[in-house]
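The structure appears right after this line, and notes come after that.
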Amino acid sequence: MPEVGTEFAGYRLEGLIGHGGMSIVYRAQHLRLERTVALKLLMPELSQDDSFRQRFMRESRLAASLDHPNVIPIYEAGDQDGVFYIAMRFVGGSTLKAILEQEGPLPATRTASLMSQVANALHAAHEDKGLVHRDVKPANILVVPGHGHEGGDHVYLSDFGIAKQRAAGGGLTKTGMFVGTADYASPEQIEGRELDRRADVYALGCVLYECLTAGPTYEKDSEVALMYAHLLEPPPAVTSKRPDLSPDVDAVVAKAMAKSADDRYSTAPEFAAAMRKALIGTETRRTQQSDQARVPETVLTAPTPPAAPPPAPPPAAGQPEQPPSRRRPRPLFIALGAALLAAIGGGVAAALLLTGGGGSTKTGTLLDVLVPTEIAKSCTTQKVPASGAVETDICTPPSGAASSFPDTLQLSFYPDADAVLAAYAAEKEKSGVADNMGRCDRTQWKGEGVWRHTDGKTGGHRVCYTDGNGNAVVGWTHEKLGSANHANMFAVASEPGRGAQSALFSWWNPIHQVVGKCRAKIAEQTCIDTIDKVSAK
16 MPEVGTEFAG
26 YRLEGLIGHG
36 GMSIVYRAQH
46 LRLERTVALK
56 LLMPELSQDD
66 SFRQRFMRES
76 RLAASLDHPN
86 VIPIYEAGDQ
96 DGVFYIAMRF
106 VGGSTLKAIL
116 EQEGPLPATR
126 TASLMSQVAN
136 ALHAAHEDKG
146 LVHRDVKPAN
156 ILVVPGHGHE
166 GGDHVYLSDF
176 GIAKQRAAGG
186 GLTKTGMFVG
196 TADYASPEQI
206 EGRELDRRAD
216 VYALGCVLYE
226 CLTAGPTYEK
236 DSEVALMYAH
246 LLEPPPAVTS
256 KRPDLSPDVD
266 AVVAKAMAKS
276 ADDRYSTAPE
286 FAAAMRKALI
296 GTETRRTQQS
306 DQARVPETVL
316 TAPTPPAAPP
326 PAPPPAAGQP
336 EQPPSRRRPR
346 PLFIALGAAL
356 LAAIGGGVAA
366 ALLLTGGGGS
376 TKTGTLLDVL
386 VPTEIAKSCT
396 TQKVPASGAV
406 ETDICTPPSG
416 AASSFPDTLQ
426 LSFYPDADAV
436 LAAYAAEKEK
446 SGVADNMGRC
456 DRTQWKGEGV
466 WRHTDGKTGG
476 HRVCYTDGNG
486 NAVVGWTHEK
496 LGSANHANMF
506 AVASEPGRGA
516 QSALFSWWNP
526 IHQVVGKCRA
536 KIAEQTCIDT
546 IDKVSAK
């Protein structure tokens, strides 16, 4: 990526505003017009996807035609030396992300005002241009104090330049690259299914929760665990952290974040109306309770709270992410012993144990230490493992599972490389797929070869095919290859029905990199000891 001080596509890069996983934003000067802009450059690898390139240019033109007071205007979009760029109005202010990190949970009335403006911007995009933003998050919501109605906050929603048209597909490119932010991604976006405006409504629910609690809806130890939470787990109650709010707020978040798009609010304005009613109702009840609690004869005063720290210098607007900063600590309430089990229920308690979230960690089987909790809790270790294996686990879709969870999943762990490769060879022979040919992705489902981790290191082998009954099947190894915190694992998953290839790939693509190596939040030496002990059986 170009450095500050250099020229790019007719702009002089004057400073770095912020950066995220797929873009960098500079403060830049248009050399011919002498206009300061926020210039966003997307990572070069995105230009390698031809379908993304076509959508980017088409949708950037649509986004540039959006004329709404809550949308940052786009001046220009293009491609220079294989790098996509978007030039936007440079707006002074802070991102909602920075405000939450500095101030913590927001008052109900301010939240209602901010979120209503975001909903208005989305409604214009949905109804006037057929655009689905699909990356609504606090880092893309820009707040300018004193410029709104009656001197309040004015909100801009940015990043429409990489939004998706309603007719386009979901959150994955054809090559399987996830485009979006997992903290705010709807189930259909994670699965790579068709998106419409209700995916943005889901993200609004996530952002509403974060405004009121200063924390994400799901706090997980890995992106895979986070995606599974969006697919399977109901959103937590806002009132568990904000007991001053009405339970109606919980209902609004739950409906906005419903797993099925059909169960959500159908439009952004419908969401905004329900949100305002719940939040303003909270303020009204609080005022009434306060009035009733007043006693004329006695005046009680609370200690004056410490002064808030001075605000940080406001960053420029238009950025996808701010440089990392520490969130304000949030209170953590801990219940111990039997009270914990009674309060949170056996299923969640088991998840806490498996993720290291509390108490001792169960590490008796390889399932316990090598498989993400969101999968492991749906698996059963078999009394008799597959031929040559030291452990076999059979997994079934959990109740309420998203459609992309495979219909069948079997995980088998082997004592050495020869044994795991023999199991893989048997599956490959059954598939009829030749060595080192074809692809396993959203466009082709007949392939065999080596798969690699994101850092380029070999992870194992994989074969994908459609069996005689029309089921999509993928078999893969995650091999030890000298890494003490890996095991020799062979897994096979299948999914029946029309569209099974796409659904199975959406599930497999992020999962295969992590199943078979030590899970986060388990002490690595404990995991290694378990691998050695079970593998030696």
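Per this note's numbering, residue 16 is the first one in the sequence shown, and the count goes up by one each step. Where is the CB? At the ideal position from N, CA and C, for every residue including glycine.
Quick one: Cα of residue i to Cα of residue j, how far?
i	j	result
proline 59	glycine 167	39 Å
glycine 379	valine 488	30 Å
arginine 47	isoleucine 32	22 Å
alanine 515	leucine 260	43 Å
aspartate 408	arginine 212	39 Å
glutamate 285	asparagine 135	11 Å
glutamate 444	proline 525	25 Å
isoleucine 87	glutamine 459	39 Å
valine 386	glutamate 91	46 Å
valine 435	glycine 35	39 Å
leucine 219	alanine 123	15 Å
arginine 279	proline 17	42 Å
alanine 79	serine 38	19 Å
alanine 432	alanine 441	14 Å
DSSP state of residue i, grouped into three classes?
i	result
threonine 313	With a pLDDT of 34 at threonine 313, under the threshold of 50, the modelled position of this residue cannot be trusted, and the question is left open.
glycine 220	helix
asparagine 503	strand
alanine 487	strand
glutamine 568	Residue numbering for the chain in the displayed model covers 16 to 552; residue 568 lies beyond these limits and cannot be assessed.
isoleucine 461	Looking at the sequence provided, one finds lysine at residue 461 rather than isoleucine. Lysine 461: strand per DSSP, three-state reduction.
serine 12	Because the chain is modelled from 16 through 552, residue 12 falls outside the range shown and cannot be assessed.
aspartate 150	coil
isoleucine 409	strand
arginine 291	helix
leucine 157	strand
leucine 246	helix
alanine 43	strand
serine 255	helix
glycine 30	strand
serine 545	In the sequence as displayed, the identity of residue 545 is threonine instead of serine. Helix.
lysine 179	Its pLDDT being 46, under 50, lysine 179 is placed unreliably by the model, and nothing is read from it.
serine 131	helix
glutamate 444	helix
proline 344	Bear in mind that the predicted position of proline 344 carries a pLDDT of just 32, short of 50, making it too unreliable to give a figure here.
lysine 137	The residue you asked about is not lysine; residue 137 is leucine in the sequence shown. Looking at leucine 137 - three-state DSSP - the assignment turns out to be helix.
serine 80	coil
alanine 397	Residue identity differs from the one stated: residue 397 is glutamine in this sequence, not alanine. If DSSP states are grouped into helix, strand and coil, glutamine 397 belongs with coil.
CB-CB under 7 Å to residue i, same chain, minus the five flanking residues each way: which ones, in chain order?
i	result
serine 128	Gly167, Asp168
arginine 42	Glu29, Gly30, Ile32, Thr51, Ala53, Phe105, Ala331
cysteine 221	Asp198, Tyr199, Thr232, Met272
arginine 68	Ser62
threonine 423	Ala508, Ser509
alanine 252	Asp265
proline 3	Beyond the ends of the chain as shown, which are 16 and 552, falls residue 3; an answer cannot be given.
Run the CB neighbour count on residue i, radius 10 Å, all protein chains shown included, and call it buried at 16 or more, exposed below.
i	result
asparagine 451	exposed
leucine 496	exposed
asparagine 484	exposed
lysine 532	buried
lysine 152	buried
glutamine 425	buried
glutamate 49	exposed
glutamine 132	buried
arginine 76	exposed
lysine 112	buried
arginine 467	exposed
Residues in the same chain with beta-carbon distance under 6 Å from residue i, minus the five sequence neighbours each way, listed in chain order, please.
i	result
cysteine 226	Leu121, Thr126
alanine 535	Asp236, Ser237
serine 201	Ala214, Tyr217
Hey, does residue i have any beta-carbon neighbour from chain C nearer than 7 Å?
i	result
glutamine 397	Protein chains in the displayed structure number just one, and chain C is not present.
Cα-Cα, which of the options is closest to residue i?
i	options	result
leucine 146	Thr110, Glu238, Glu74	Glu74
alanine 502	Gly474, Ile205, Ala92	Gly474
leucine 294	Val264, Asp278, Asp482, Ser275	Val264
tryptophan 522	Pro251, Asp215, Gln204, Ala432	Gln204
serine 517	Ala123, Ser550, Arg457	Arg457
glycine 25	Asp65, His527, Gly161, Ile101	Ile101
leucine 247	Lys398, Lys392, Trp491, Thr21	Lys392
valine 530	Val507, Asp482, Ile114, Thr110	Val507
threonine 254	Ala154, Val267, Ala538	Val267
serine 95	Leu382, Ile156, Glu22	Strictly speaking, residue 95 in this sequence is glutamine, with serine absent from that position. Nearest option by C-alpha distance: Glu22.
asparagine 486	Val465, Met72, Val549, Phe520	Phe520
Under 6 Å from any heavy atom of the ligand MG, does the C-beta of residue i make it?
i	result
glycine 167	Looking for the ligand MG in the displayed structure turns up nothing, as the structure carries no ligands at all.
Enumerate in chain order the residues of its own chain whose CB-to-CB distance from residue i is below 8 Å, with the five nearest sequence positions on each side excluded.
i	result
lysine 292	Asp263
glutamate 539	Asn500, Cys533
glutamine 44	Tyr26, Arg27, Glu29, Arg50, Thr51, Val52
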